[in-house]
Structure formats: structure tokens, C-alpha cells
Amino acid sequence: MTTETLLDVRGLSVRFAMPRKSMFGQRPVLHAVRDVSFSLRAGRTLGLVGESGSGKTTAAMAAIRLAAAQSGSVLFDGVDLRKLDAEAMRQRRRHLQVIFQDPYSSLNPRERVGAIVREPLDLMMPELSRSDREERVRELFGLVGLRPDQMALFPHQFSGGQRQRVSIARALATNPRLIVCDEPVSALDVAIQAQILNLLRRLQDDYGLSYLFISHDLGVVQFICDDIAVMYLGQIVEFADRPTLFSRPRHPYTAALLSAAPSLARRKSAGYIREGAVKGDPPSPLNIPAGCAFASRCPRVQPKCRDERPVLRGNAADSVACHYPLD
Amino acid sequence: MTEPLLSIRDLKVEFSTRHGQVTALNGIDLDLLPGETLGIVGESGCGKSITALATMGLIPDPPGRIAGGRIVFDGEDITRAGARRLRSLRGADISMIFQEPMTSLNPVFTAGDQIAEAIMLHQSASKAEADRMAVALLRTVGIPEPERRARSFPHELSGGMRQRVMIAIAISCRPRILIADEPTTALDVTVQAQIFDLMRDIQQQFGVAIMLITHDMGAIAEMADRVAVMYAGRIVEKGGADAILDNPRHPYTRGLIGCIPVLGKEAGGEKRMPPLAEIPGIVPPLHLLGQGCAFADRCPLAFDRCRAESPALEGDSHKVACFAAEMEAA
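For the record, the sequence lines run as chains A and B. Here my numbering is used: the first residue of the first sequence is 1, the next is one more, and so on. Here my numbering is used: the first residue of the second sequence is 1001, the next is one more, and so on.
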């Protein structure tokens, strides 16, 4: 398998100015993504994992320029997307597609699903004739497990899983190289989740797609991702390949996530007690602590952690931002 | 054998919809023993929440109604109880926590007031006593600085803290049954783990019996002593948690366990995990249920008999409603 880098994100930061609290007050700044770097190999899946507010979605959206970043570079196929002018960026968009979490709000309720799937072709590939585009839509419906006779229906006539198949067909329409999958299965029932996850993996194998896969569910991540970046309060705290992360997590937060994730092996009958559980909630991104952001919840916290912010250190297989990582 | 605290027999719940009368629960039998956790698992629309609401006497009528069967709590059939009796049971003997703590708390009252309200409703306590008990309860459910948090409004609390407040309200009158309807679905994973740990602590401390409704087999493994698997308004498999997880007999239960990407051992190296088991199709709408087994259309083992008649739940401690499973066992 090729190990060519498709997407290389360096030092990406995203800040949002929040509304003033009072008329003469300063506008509070929310640091959503702080100096994040990661790279995605062609044909692979990189997971961005974290809890709500960790900045995983903002980081991914900034990487494909759907959110404005304040600093950093995003090399896609060697070209810095952040330096492209609007028209050049528009041309690139056919290689960058998104599947959103909620298949109910991400499809236009007034459009027929055939037209929804055709729209990227109309916009990005006008050189194709109308009948070629229709033919491509028909083909896409087959690829994602829908019937061509369903093309004339509206989104409300489909179940959640089928709507997500429509979203996937739309994302595939222009033969993209990278698809950002933003929690694509978390709104679906468990049995439907499995159908969609298997479909995504099959499409990746058949078309050499690269996925940037955003999820809070470590079971899903272990199933679909090759490399994983664990995010906490806007930063990557651990980056590792899948076998390393799941067998030897090094950041205490990664370990806590793993011990919190559902597993069939932990049985009440066997007197299971959770180890490495964390207390409390994540701190606010409006008021980021000086030292390690995880210090307030960390079971292994030392005085140094509260004063000095750890940086991501290590090699390509595993790097961790922690003063006292687990062995 | 221990006497069950709650025993549901042949419970039928019907709703009138624009498709006519549909049967949301079709002959449910369940027992909840004192101090145990019973897990009820299934996809959305299978009747888990309706079972919980029926037990609380909260089926909206109309459009719903209990069309048959009994729900016996401590010797009393509560399907026949009047509104007044139900009000005195709810909160005091049987209480419930819901999926979304933001919508189940009142936004214009403080956390402390809402706990005190439940206490004053069911116990003869003055406002001052109830306030003191509310603070003590907040401490019990692990909220830091309980005196200050008692004066917070729901929007000032995080999702995890709101769910802790809900639990404080639910246990304020030392109920004997706690019904938890997907209590952690709206929460982040680490907070979800905290809430499950809290529920286990509370069960040990107060001996409350828990009915845990979930779609998550991982939560079942961690929390439940016994499990009922529901599909389209019926129980399709029922038994001890270990028996169900290690030796599922109904094809639906097998599918539910196989289709969930739960954490597994790394195969090592670059090797990926095998594809997930799939249950094809979706849960059928209730108004389209026919004579046969409701799962037949999605079932890999279905044969003619499955489409003609509906299998009954049979077996000793591990019961299953499936013709194919019966043949397998024979």
C-alpha cells in the first residue's frame, strides 16, 4: 500500500471572537483549535477523536477551508489550500467532499434525491453532458446500495440509514480523493451503523479514498481508522497508529477514553470496576489553563503539569503531549 | 427464589395513529427483582421506552392505552391505580431518569429547589429541612461544592452535572425502583462512564432495583444482571446477562452484538478488524406487522413457519422466541 501523504496540516489554529459580555467589555476569544498538526496518507483513514468541544470538527473543517483558520498551512497534494484564491479553491473542491452527521438536516427536503446527488456534478463537472451526469447518478445509487428507481423520491421518504447513503453518493459524485466524515454514524441506530461503516470501508478499498474521520466513539474508530489523533481542548494530545493506540495508550486521557468506552468484556457479573476514570468535565475553551489542559482531571497530575504546557513529542508511530506519559 | 418487586404480565399497549390502531407492546412479561439491574435493549421503535412509561403510569391517553395485562408492584396492580395513587407512587417508590437532562429539568428553578420539591411532595419535611437534604443529595451524587451548586440553574451546569441532579431528584425519596431511559446517550464518553459508575454506587448504597433501557450492548455488559431483548413490541430473548452476551440464541440478539463496533483486541500489525455483522433492512413500522415473526424479513434463518406464525417466548432461565433457535437446541 502506498504511504504517500495526501493531506499535511501544520500548525493550524482557529479562534472565534465571541459576543461582548458588556458594552465596553473585551470580546472573549474561544480557542477552538490550537497549533494542530497531522498528516493523512493517501488511501488511509485518519481518525480525529475527542469529546464535544475538543475542536475535532473545527480542525477538520479548517483543513478543507470550510472554516477560517488564523494560522498554519494545509498542504493537499503539495499545494497549500490556505494560499489559493477563491476560484482555484473552488476547482479543488471536487477532490474534497464531506459527509455530515445528521442525514436529516444535510439534505435539502425540497429536492429529489437524484438531483441532490447530481448537484456536485452540475457544479464541478459541467463538461459532462446531462445524460452522462444522469448515468453517473444511476451508477452512484448502485454503489451505495440504493435502487435507481428511488432517484425521483424526496429525502423524507427514506429512513436515516438510506439518507446517509444518499449523502455518501453525493460525496462520491465527483470522484474526490479526500472525504471528511463528520460523525457519519452517530445519529443512526446500531444495526444501521454497521451497514454504513461496512459500506464506507468497502468504498475506500474499491476507490482508494482517503478519509478524515471525526468520531467520539472509540469502537467505531478502531473499526475504521488506520491512524488516530486524540484531541483535547483544541490540541492533539496523542497521535498514533491504530495498533499502538489501542494496545499501548500513552496519554492518560487516551487511557481514560479507552476505559470509558463500551466493551463486552467488562462484566458486572465479574465485579468490574473501572480503572483510570476521570473526574469532572473538560475546562472551557474560553479560559484555557496555563499548563496541561487535562491537568484538572488527570489521575496522574504533578505540579509541573499545572505550570508548563507539554508539547507533542515522539515518532510517527506514536507521539504524546504529556510530561509523565504511561509506559 | 426471591419475590419480584415488579412483575409485568402479558402487557399490551395500543396507540391510535393515522394508520389505525397499532400495538406498541404485545404481551410483555418482565420481572424486576429487588436490588438487581435489568437491562432492556433494542433499536429505536422496539418498545423499550413504552415499557418504562407504562411502568410509571405515564402512557399518554389518548392516543395510547393499556389494552391488557398487569403491572404488579409490591402486590398492587398499578394498571388499575387511580391518578392520585400513581402520583404518590411516582417519585417515592418508582422514579425515572431520562435521556436529555436539559429538557427534563425546569429551567426557571435552581437545582436545589427542584430536589427539595420532590422531597416536600412525598415526605413531611419543611422547606429548610428539604433544602438541607437537597445539598446532602448533591454531595451523594458527587457534585463538587454542593452548597453553591444547589443555587445554580440548569443552564449553569454541564450535561453530566444535570444528569447527576436528575439522579439526586430520582433517589431523593429512596425509591425501590429506578428506571433509567438511555441515561447517558446525550453525554460525552468520559462523563457517560461517570454516570454509570454513580448508578452502580447508588445501587450498592441504597439497594435500589434499576431498569436500564439502552441500545448499547457495552452498557448492558457493564451494568446488567439480567437482560430482555425487545423487537417490534415483543421480548424476543430474555436471560442472565452473561448467557445473553456469550451465548445469544435469537438471530436478532446475535445481530445486535455482532454489529456493534465495541473495543476489541488489536489483531496486531496493520491487520484491520473483520467487517461488522449486518442486520439488513430496518425495524418494520408497527402498522405493517403481519401474522408471523416480526423479525422474519431481516432474519438470515427465516423459513416458512416464521412468516406464518409468531413464536412464543420459551425456555427456563434463558428464554427465546424463535423457531430456528428451538430447532438448533433440539
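Even for Gly, the Cβ is constructed at its ideal location relative to N, Cα and C.
Between the options, which lies nearest to residue i when the distance is taken from Cα to Cα?
{"i": "D77/A", "options": "R147/A, M124/A, P176/A", "result": "P176/A"}
{"i": "A256/A", "options": "H156/A, L203/A, D217/A, V79/A", "result": "D217/A"}
{"i": "Y253/A", "options": "V220/A, D206/A, V320/A", "result": "V320/A"}
{"i": "R306/A", "options": "R313/A, G314/A, N315/A, F294/A", "result": "F294/A"}
{"i": "V1135/B", "options": "D1010/B, T1110/B, H1122/B", "result": "T1110/B"}
{"i": "Y272/A", "options": "D1201/B, M1102/B, E1145/B, S1049/B", "result": "D1201/B"}
{"i": "I1050/B", "options": "K1127/B, T1023/B, I1279/B, P1285/B", "result": "T1023/B"}
{"i": "P1275/B", "options": "N198/A, F100/A, S129/A", "result": "N198/A"}
{"i": "P282/A", "options": "R274/A, E275/A, C292/A", "result": "C292/A"}
{"i": "Q1114/B", "options": "E1145/B, R1151/B, G1082/B, E1314/B", "result": "R1151/B"}
{"i": "G1027/B", "options": "S1016/B, L1033/B, P1034/B, G1047/B", "result": "G1047/B"}
{"i": "R142/A", "options": "V166/A, D122/A, G161/A, S159/A", "result": "A quick correction: the sequence has Gly, not Arg, at residue 142/A. Nearest of V166/A, D122/A, G161/A, S159/A to G142/A, Cα basis: V166/A."}
{"i": "R962/B", "options": "R1234/B, M1217/B, G1240/B", "result": "The shown model of chain B, from 1001 to 1330, leaves out residue 962/B, and the question about it has no answer."}
{"i": "L7/A", "options": "R41/A, R201/A, F24/A, K21/A", "result": "R41/A"}
Beta-carbon separation of residue i and residue j under 9 Å?
{"i": "E1036/B", "j": "R267/A", "result": "no"}
{"i": "L1138/B", "j": "V1165/B", "result": "yes"}
{"i": "T45/A", "j": "I236/A", "result": "no"}
{"i": "L1005/B", "j": "D1074/B", "result": "yes"}
{"i": "A1232/B", "j": "G1039/B", "result": "no"}
{"i": "L140/A", "j": "A169/A", "result": "yes"}
{"i": "A317/A", "j": "A1193/B", "result": "no"}
{"i": "M1056/B", "j": "I1179/B", "result": "yes"}
{"i": "S54/A", "j": "L233/A", "result": "yes"}
{"i": "G1160/B", "j": "D1188/B", "result": "yes"}
{"i": "E1346/B", "j": "A191/A", "result": "Residue 1346/B cannot be examined here, being either before or after the span of chain B that is shown, 1001 to 1330."}
{"i": "R1249/B", "j": "A1325/B", "result": "yes"}
{"i": "A1219/B", "j": "T1190/B", "result": "no"}
{"i": "I1257/B", "j": "I1210/B", "result": "no"}
{"i": "S263/A", "j": "V1262/B", "result": "yes"}
{"i": "D182/A", "j": "Q91/A", "result": "no"}
{"i": "R27/A", "j": "A17/A", "result": "yes"}
Look at the alpha carbon of residue i and the alpha carbon of residue j, and state the distance between them as a whole number of angstroms.
{"i": "I179/A", "j": "E1076/B", "result": "58 Å"}
{"i": "C1259/B", "j": "A290/A", "result": "43 Å"}
{"i": "K83/A", "j": "I64/A", "result": "12 Å"}
{"i": "H251/A", "j": "F213/A", "result": "21 Å"}
{"i": "V36/A", "j": "T244/A", "result": "21 Å"}
{"i": "M124/A", "j": "A173/A", "result": "10 Å"}
{"i": "D227/A", "j": "V117/A", "result": "30 Å"}
{"i": "R147/A", "j": "S1088/B", "result": "54 Å"}
{"i": "M1/A", "j": "T1140/B", "result": "For M1/A, the pLDDT reaches just 43, beneath the cut-off of 50, and the residue's location in the model is therefore unreliable, leaving the point undetermined."}
{"i": "P299/A", "j": "Q193/A", "result": "33 Å"}
{"i": "T127/A", "j": "V29/A", "result": "First, the amino acid is wrong: residue 127/A is Glu here, not Thr. Taking the straight line joining both Cα atoms gives about 45 Å."}
{"i": "A86/A", "j": "P155/A", "result": "31 Å"}
{"i": "L326/A", "j": "V311/A", "result": "15 Å"}
{"i": "L153/A", "j": "A88/A", "result": "34 Å"}
{"i": "N108/A", "j": "A229/A", "result": "32 Å"}
Only counting the same chain, and skipping five residues up and downstream in sequence, which positions put a Cβ closer than 7 Å to that of residue i?
{"i": "G1292/B", "result": "C1306, R1307, A1308, E1309, S1310"}
{"i": "I1058/B", "result": "The question names Ile, but residue 1058/B is Leu in the sequence shown. Cβ neighbours of L1058/B beyond the five flanking positions: none."}
{"i": "A261/A", "result": "L218, G219"}
{"i": "A67/A", "result": "V14, T58, M61"}
{"i": "A1243/B", "result": "H1318"}
{"i": "H31/A", "result": "R15, G234, P285, I288"}
{"i": "R34/A", "result": "S13, G234, Q235"}
Near residue i, what residues of its chain come up, given a Cβ to Cβ distance below 6 Å and the 5 sequence neighbours on each side ignored?
{"i": "A69/A", "result": "L12, V14, A62"}
{"i": "H1019/B", "result": "H1287"}
{"i": "G1068/B", "result": "K1012"}
{"i": "A1118/B", "result": "G1091, I1169, S1172"}
{"i": "M1120/B", "result": "A1130"}
{"i": "Y211/A", "result": "T45, I179, C181"}
Taking 8 Å as the limit between beta carbons, can you name the residues of its chain near residue i, skipping five residues before and five after?
{"i": "Q302/A", "result": "H323, Y324"}
{"i": "G1281/B", "result": "D1297, R1298"}
{"i": "D80/A", "result": "S73, V74"}
{"i": "M231/A", "result": "V36, L48, V49, G50, S54, G55, K56, A59, V237"}
{"i": "E1147/B", "result": "V1135"}
Give a yes or no on whether the minimum CB-CB distance between residue i and chain D is below 9 Å.
{"i": "E51/A", "result": "Checking the listed chains, one finds no chain D in this structure; the protein chains it contains are A and B."}
Worksheet item: Quick one, which residues of the segment 270-289 of chain A are near chain B if we go by CB-CB under 9 Å, in chain order?
Response: A270, Y272, I273, R274, A277, V278, K279, G280, D281, P282
Practice prompt. Please name the residues in the segment 144-157 of chain A whose beta-carbon is closer than 9 Å to at least one beta-carbon of chain B, in chain order.
Written response: none
Worksheet item: Got a sec: which bits of the segment 1169-1194 of chain B sit with their beta carbon under 8 Å from any beta carbon on chain A, in order along the chain?
Response: D1188, V1189, T1190, V1191, Q1192, A1193, Q1194
Worksheet item: Relative to chain B, which residues along the segment 248-266 of chain A have a C-beta separation below 8 Å, given in chain order?
Response: A256, L257, L258, S259, A260, A261, P262, S263, L264, A265, R266
Item to complete: Please list the residues of the segment 1039-1057 of chain B that have a C-beta atom closer than 8 Å to any C-beta atom in chain A, keeping them in chain order.
Response: E1043, S1044
Fill in: Near-chain B residues of the segment 168-194 of chain A (beta-carbon distance less than 8 Å), N- to C-terminal order
D189, V190, A191, I192, Q193, A194
Worksheet entry | Members of the segment 203-233 of chain A that neighbour chain B once the beta carbon cut-off is set at 9 Å | Answer set for the segment 203-233 of chain A: H216, D217, L218, G219, V220, V221, Q222, F223, I224, D226.
Discussion item. At a CB distance below 8 Å, what residues from the segment 1205-1238 of chain B approach chain A? Give them in sequence order.
Written reply: H1215, D1216, M1217, G1218, A1219, A1221, E1222, M1223, A1224, D1225
Worksheet entry | Residues of the segment 1277-1295 of chain B with Cβ closer than 7 Å to any Cβ of chain A, in chain order | A1277, E1278, I1279, I1282
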